[in-house]
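Protein sequences appear in the order of chains A and B. Just so we're aligned: 341 in the working numbering is position 341 of the first sequence, and the numbers increase by one with no gaps anywhere. Basically the working numbering = 1-based index in the second sequence + 660. This report concerns only the one structure given below.
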Amino acid sequence: MIVEIGHFALALALGVAVVQALVPLWGVARHDRVLAGVGPAAAVTCFLLVALAFAALVVSYVRSDFSVENVVANSHSTQPLIYKFTSVWGNHEGSMLLWVLILTLFGAMVALSRRSLPARLRAGTLAAQGMVTVAFLTFTLLTSNPFRRMLPAPADGQDLNPILQDLGLAIHPPLLYVGYVGFSITYAFAVAALIDGRIDAVWARAVRPWTLLAWVFLTLGIAMGSYWAYYELGWGGWWFWDPVENASLMPWLAGTALIHSTVVMEKRDALKVWTILLAILTFSLSLLGTFIVRSGVLTSVHSFATDPARGLFILAILIVFVGGSLALFAWRAPLLRQGGLFAPVSREGALVVNNVFIATACATVFVGTLYPLVLEMVTGDRISVGPPFFNATFVPLFVPLLLILPLGQSLAWKRGDLLGAAQRNAVAFGIGIVVALGTIAMTRGGPVVAPLGIGLGVFLVLAAIFDLGERIFRRASGWPAMLSRAKGLPRSAWGTAFAHAGVGLTVIGIAAQAWSTEAIGVVKPGERITSGRYTVVLESMLPRSGPNFRAEVARFHLFAGNRDLGIMEAAKRVYTARSMPTTEAGIRTHGLSQAYVSLGEPQGDGSIAVRLYDKPLILLIWIGSIVMSFGGALALTDRRFRLAAPKRAAPVGAAPQPAE
Amino acid sequence: MAAPATSRILLALVLGLAAAGPAAAVQPGEILPDAAMERRARAISSELRCLVCQNQSIDDSDAPLAKDLRVLVRERLVAGDSDGAVRDFVVARYGDFVLLRPPFDTRTVLLWAAPFLILLAALGFMWRRGRAMAAPASAAPLTEDERRRVERLLDDGKP
Numbered sequence: 001m002i003v004e005i006g007h008f009a010l011a012l013a014l015g016v017a018v019v020q021a022l023v024p025l026w027g028v029a030r031h032d033r034v035l036a037g038v039g040p041a042a043a044v045t046c047f048l049l050v051a052l053a054f055a056a057l058v059v060s061y062v063r064s065d066f067s068v069e070n071v072v073a074n075s076h077s078t079q080p081l082i083y084k085f086t087s088v089w090g091n092h093e094g095s096m097l098l099w100v101l102i103l104t105l106f107g108a109m110v111a112l113s114r115r116s117l118p119a120r121l122r123a124g125t126l127a128a129q130g131m132v133t134v135a136f137l138t139f140t141l142l143t144s145n146p147f148r149r150m151l152p153a154p155a156d157g158q159d160l161n162p163i164l165q166d167l168g169l170a171i172h173p174p175l176l177y178v179g180y181v182g183f184s185i186t187y188a189f190a191v192a193a194l195i196d197g198r199i200d201a202v203w204a205r206a207v208r209p210w211t212l213l214a215w216v217f218l219t220l221g222i223a224m225g226s227y228w229a230y231y232e233l234g235w236g237g238w239w240f241w242d243p244v245e246n247a248s249l250m251p252w253l254a255g256t257a258l259i260h261s262t263v264v265m266e267k268r269d270a271l272k273v274w275t276i277l278l279a280i281l282t283f284s285l286s287l288l289g290t291f292i293v294r295s296g297v298l299t300s301v302h303s304f305a306t307d308p309a310r311g312l313f314i315l316a317i318l319i320v321f322v323g324g325s326l327a328l329f330a331w332r333a334p335l336l337r338q339g340g341l342f343a344p345v346s347r348e349g350a351l352v353v354n355n356v357f358i359a360t361a362c363a364t365v366f367v368g369t370l371y372p373l374v375l376e377m378v379t380g381d382r383i384s385v386g387p388p389f390f391n392a393t394f395v396p397l398f399v400p401l402l403l404i405l406p407l408g409q410s411l412a413w414k415r416g417d418l419l420g421a422a423q424r425n426a427v428a429f430g431i432g433i434v435v436a437l438g439t440i441a442m443t444r445g446g447p448v449v450a451p452l453g454i455g456l457g458v459f460l461v462l463a464a465i466f467d468l469g470e471r472i473f474r475r476a477s478g479w480p481a482m483l484s485r486a487k488g489l490p491r492s493a494w495g496t497a498f499a500h501a502g503v504g505l506t507v508i509g510i511a512a513q514a515w516s517t518e519a520i521g522v523v524k525p526g527e528r529i530t531s532g533r534y535t536v537v538l539e540s541m542l543p544r545s546g547p548n549f550r551a552e553v554a555r556f557h558l559f560a561g562n563r564d565l566g567i568m569e570a571a572k573r574v575y576t577a578r579s580m581p582t583t584e585a586g587i588r589t590h591g592l593s594q595a596y597v598s599l600g601e602p603q604g605d606g607s608i609a610v611r612l613y614d615k616p617l618i619l620l621i622w623i624g625s626i627v628m629s630f631g632g633a634l635a636l637t638d639r640r641f642r643l644a645a646p647k648r649a650a651p652v653g654a655a656p657q658p659a660e
Numbered sequence: 661m662a663a664p665a666t667s668r669i670l671l672a673l674v675l676g677l678a679a680a681g682p683a684a685a686v687q688p689g690e691i692l693p694d695a696a697m698e699r700r701a702r703a704i705s706s707e708l709r710c711l712v713c714q715n716q717s718i719d720d721s722d723a724p725l726a727k728d729l730r731v732l733v734r735e736r737l738v739a740g741d742s743d744g745a746v747r748d749f750v751v752a753r754y755g756d757f758v759l760l761r762p763p764f765d766t767r768t769v770l771l772w773a774a775p776f777l778i779l780l781a782a783l784g785f786m787w788r789r790g791r792a793m794a795a796p797a798s799a800a801p802l803t804e805d806e807r808r809r810v811e812r813l814l815d816d817g818k819p
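Shown next as structure tokens:
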């Protein structure tokens, strides 16, 4: 019964979404306030209905209702409760439902946000969001219905894929989807602005919090996915330039550019057309990612052709929404008033350079990801574009960007002083150089480029801190004055500093991996293996059984030099329902570094193959991402974006804004 | 190995996580006694694609075919082949698809040139826009009507 209620709610949601997509626009066109005002109520209703459907699926999973096909295929009665719950989105159909849930959640949030939005903009935005919702609800209902019954019901399910039976599944997809799908709102805002033919600083200020929100979650989602892959897959890699990863990286890059360009638009009323285009492209890349991930097209053109129903449907969605919005852009963008003169040496000039490099990096990932596909379609030749290509092109594009980042951060709006900005960053730059040279001297004969990366990271972190310090200590005398200055600094300034420092930390973490070491060997109990700073001694092998798996656990004694760091365990598991093996790496955090042990095949004579890694400073990669997200979240709490702040009466553009 | 292979695909499809299964990859028995030669073997095999996997190098994959290729690479190195000769040998057998670093030729010239072309185009566009902006904006002269309005407004401002 609950399943049917869920199914029905989903179908009803589709009907409501159609209303949300069409009626507000109709109302705007007819100057009918009542019809134009239908959007918020429809958006909230739609969200509640999808939430009901989602809840129904959750109940089916938690209760292990094996009369539902989706539950049978992805769950098992012996699974721990948390994995029964996360199984809901550990499969195509359920994760599509989560996708739509978040899509409607954002629509409802715009509908309920008490920020004053021009009525036409709100109506247009909710209508555009409604159209996307209609498309994906139709897709879910027609090709990916999670509520299909299976009668007679089998006695038990087929279990969730063991690799997914991990806390990572509870964290990574929801974060990633909020980010991925959150950009639908910026897209909807852009489409609404194009329909309306008006775009100004009010638009930029309305869009920025949503962009920031989506970006914060996407950053966390990608970082958590990377950490999950790192510890789950067992060979210590953390980024693979896999098409599926690229699919999430592209919207992140475009979103990063968008955050920066909306600042220019808000402060200087410039870059309008470009910002609108970026807002459209960012969500288009999210859609492209969905297509890439769901259709299997990148595995091979041929595997796509064998089961084309879903792939073709998403391709159609992609063409309609990307093509439609770009056509609208081509038609309406010339009407948008170009504004804002600006000098090349200025904060806004630096932000343009930022956009040029990030957009180029994004385009490079795009070309690299899709090139094999296009080449195969055109000539039939199959080539691979793998990590070596992306490392060779992406890194050279990002390094200059990061080198000039601190300059842009300390340039003033309108007319910057390049020499002054360089002077303000000279100390940070000097320390960065010293660190790089020191690292080269200390690691003689080691990698040469990596120390420069470490220096660059240190430069970025220090420049962010110093810039903040400048703003607080400049001309201030005494602690109370400084404290009040620190308090008076806009949250977005703190956010900028944290985000940029986070980039620096991540760069240090990535560069440090040049010194990661690996040892592969066969050990018996009592024998040791050493890699870098770490040595492990195999204590014993013992069998263990979990709720739905059997495991062979290897207990190691870990040493860093002569220091005893205690016991760590690595395991190989076999999940009984699918009789599928997984490796559980043993990971010990030691400062910011990690010792990482992963098991290979048992050799028969009581010994086992073992790989031990020393991963220096690797945690900085993810800590940096978290600091970046924290910066984004801080900026989100800036006074001028506070979503709930009632600001009805404020006349547009009347309040002077504090400089960032 | 059918189960892990499908799971990899499923995982990739569902989650946006790197497509891969539990891996042991390079086995202790495969490692060459000569450390320098082993380093070369690792470098070469990290740029060769495992043909039955999703976007994994043979260095990262535990598929039997990847193991065969790893052993093959090491055999060629021991036989005295240069790195390039080993790569050519593998390409002769499996085609360019096996190279994770696409070769630079007429088919891939656009791929390799893309980053530079895009950056040049973007910088060129920026430069042109910058010049257009730097040129003194010639404000259209006020019409008679507008001039009167300005005067009226200015007059209003006076006490």
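Where is the CB? At the ideal position from N, CA and C, for every residue including glycine.
Within chain A, partners of residue i - CB distance below 7 Å
i, result
"G790(B)", "P344"
"I691(B)", "I520"
"P724(B)", "Simply none; closest approach about 12 Å."
Per-residue contacts from residue i into chain B (C-beta, under 8 Å)
i, result
"R382(A)", "G755, D756, F757"
"F459(A)", "What F459(A) touches in chain B: nothing, since even the nearest Cβ is about 23 Å away."
"Y613(A)", "Neighbours of Y613(A) on chain B: none; closest Cβ ~12 Å, over 8 Å."
Interface flag, residue i vs chain B, CB-CB below 8 Å
i, result
"G631(A)", "no"
"G600(A)", "yes"
"A363(A)", "yes"
"A654(A)", "Because the pLDDT of A654(A) is 38, which lies under 50, any placement of that residue in the model is unreliable, and the number read from its coordinates should be weighed accordingly. Not closer than 8 Å to any Cβ of chain B, the Cβ of A654(A) fails to qualify, so no."
"G416(A)", "no"
"V367(A)", "yes"
"T379(A)", "yes"
Contact list for residue i against chain B, beta-carbon separation under 7 Å
i, result
"Y692(A)", "With chain A covering only 1 through 660, there is no way to say anything about residue 692(A)."
"L375(A)", "R767"
"V243(A)", "Residue 243(A) is actually Pro in this sequence, not Val. Those within 7 Å of P243(A) in chain B are N715."
"T393(A)", "P775"
Cutoff 8 Å; reference residue i; Cβ partners in own chain excluding five residues on either side
i, result
"P387(A)", "F240, W241"
"A797(B)", "Note that A797(B) scores a pLDDT of 49, beneath 50, so its modelled location is shaky; the value from the coordinates is reported in the next line. The answer is none, since no qualifying residue turns up."
"M786(B)", "none"
"T393(A)", "T364, G368"
"F357(A)", "L397, F398, P400, L401"
Chain-order list of residues whose beta-carbon lies under 7 Å from that of residue i (same chain, five-residue window excluded)
i, result
"A17(A)", "C46, G130, T133, V134, L137"
"A499(A)", "M628, G631, G632"
"A422(A)", "L407"
"L675(B)", "Reliability of the predicted coordinates at L675(B) is poor, the pLDDT of 42 falling under 50, and no value is obtained from them."
"L175(A)", "F217, L220, G221, M224"
"T530(A)", "A519"
Cutoff 6 Å; reference residue i; Cβ partners in own chain excluding five residues on either side
i, result
"I199(A)", "A193, K272, L336"
"G432(A)", "G455, V458, F459"
"L117(A)", "A206"
Chain A within 8 Å of residue i, Cβ atoms only
i, result
"V731(B)", "no"
"A774(B)", "yes"
"K727(B)", "no"
"R700(B)", "no"
"M697(B)", "no"
"L771(B)", "yes"
"A782(B)", "yes"
"R761(B)", "yes"
DSSP beta-bridge partners of residue i
i, result
"S248(A)", "Answer by DSSP bridge pairing: none, since S248(A) is not bridged."
"M568(A)", "F556(A)"
"V522(A)", "A609(A)"
Listed by chain order, chain E residues near residue i by CB distance under 9 Å
i, result
"A752(B)", "The chain inventory of the structure shown lacks chain E, comprising the protein chains A and B."
Partners in chain A for residue i, counting only beta-carbon separations shorter than 8 Å
i, result
"L779(B)", "V356, F357, T360, L397"
Within chain A, partners of residue i - CB distance below 9 Å
i, result
"G707(B)", "A small correction: the amino acid at residue 707(B) is Glu; Gly does not occupy that position in the sequence shown. The answer, in chain order, is G386, P387, P388."
Beta-carbon neighbours of residue i, restricted to chain B and to distances below 9 Å
i, result
"A609(A)", "A684, Q687, P688, G689"
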